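Numbering (our numbering), first residue to last: 109 to 445.
Positions of the beta carbon are idealized from the N, C-alpha and C atoms, including for glycine.
This structure is a prediction, so every number in the text was calculated from the model and none was measured.
This report refers to the structure that appears directly beneath it.
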């Protein structure tokens, strides 16, 4: 049994963690801490809610603490948890700097404890489907990949009055797609950054376009608050074909309408969401087909955490991947103010 406590009782905990942690056999959620206890979210049966963080730190039954609070609190809270001999799962962004990440990993190693960033989007259906298509070889050599994470929410940057790195669009959303790149393609040969404040200096970062180069392959991660029509989630160009996945993974969309993982067809793509593969085979024949989407499942992160802590398996999200991600975020945001 792996017994868990949460620090934070907001959207992150209730929408992106609890529905998936509670699916995993062998995991027990015992305590949820928040500075003030509100009835915004439906409380879970048999879970203790508290406004005293010492009830988390001092409880010997609690093995893992999940830090699901605003990004600027992650480093201090994660360090406190480690110093109270708790394993730690930290929401994204892991912290603000690569130096902070190295310090946390070093402390965890010294105390023989587990710490990892919560990168649930490694198990997005669109990302898993792209991996399947690439592995099939039908695209030939992969030349270019475009990954888009777009919104049309101009009111958010327009209402901003100050700039913050840890609360920037790059840190908040680029950490998803950049982690996907690092998890699949590994360490890039070089990185090119185009990170902007479209509304001008002193406002929030609301745009980024980052290119990561792997030999002949370029992987571009692009995102904006000002896309009235979203670009495809993925476009993969190969020497023999192209794959376009127009729509994103549907787990988040279902969660937002309170359609939960224990309900039928949660997060599943329908035929109208399937990606389109166009390629030329070895005989020179052109093929066009729809690719049935892989099944995304954020609970796989918690399954991996359970195996790592209870059975000593390798982490899903490696320390060096998180450190490299922090280096890229830091470099990308540098110069903005």
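In the three-state reduction of the DSSP assignment, residue 189 falls in the helix class, which pools H, G and I. Taking the Cα positions, residue 134 is about 10 angstroms away from residue 410.
With the rule of 3 Cβ pairs closer than 8 angstroms, the stretch 270–281 counts as touching the stretch 436–445. Here the alpha carbons of residue 247 and residue 241 stand approximately 8 angstroms from one another.
Fully enclosed alpha helix (DSSP H) runs of no fewer than 4 residues occupy 206–218, 233–244 of the stretch 203–265, in order along the chain.
Counting every other CB atom within 10 Å of its CB across the protein chains shown gives residue 429 a total of 16 or more, marking it as buried. Burial check for residue 371: the Cβ neighbour count within 10 Å stays below 16, so the residue is exposed. Each residue's CA atom was taken as its position, placing residue 251 and residue 344 some 8 angstroms apart. With a 10 Å radius around the Cβ and a threshold of 16 neighbouring Cβ atoms, residue 296 comes out buried. Counting C-beta pairs with one atom in each stretch, the stretch 194–214 and the stretch 131–145 have fewer than three that are closer than 8 angstroms, which means they do not touch.
By the criterion of at least three beta-carbon pairs nearer than 8 angstroms, the stretch 224–242 is in contact with the stretch 279–297. In the DSSP annotation of this structure, residue 419 is not part of any beta strand (DSSP E); the continuous alpha helix (DSSP H) holding it starts and ends at 407–419. Residue nearest to residue 179 within the set 149, 163, 116, 136 is 116 (criterion: CA-CA distance). Between the stretch 366–385 and the stretch 296–314 there are fewer than three C-beta pairs closer than 8 angstroms, too few to call the two in contact. DSSP links residue 331 through a beta bridge to 316. Around the Cβ of residue 191, a 10 Å sphere holds fewer than 16 other Cβ atoms; the residue is exposed.
For the set 166, 316, 176, 255, the Cα lying nearest the Cα of residue 356 is the one of 255.
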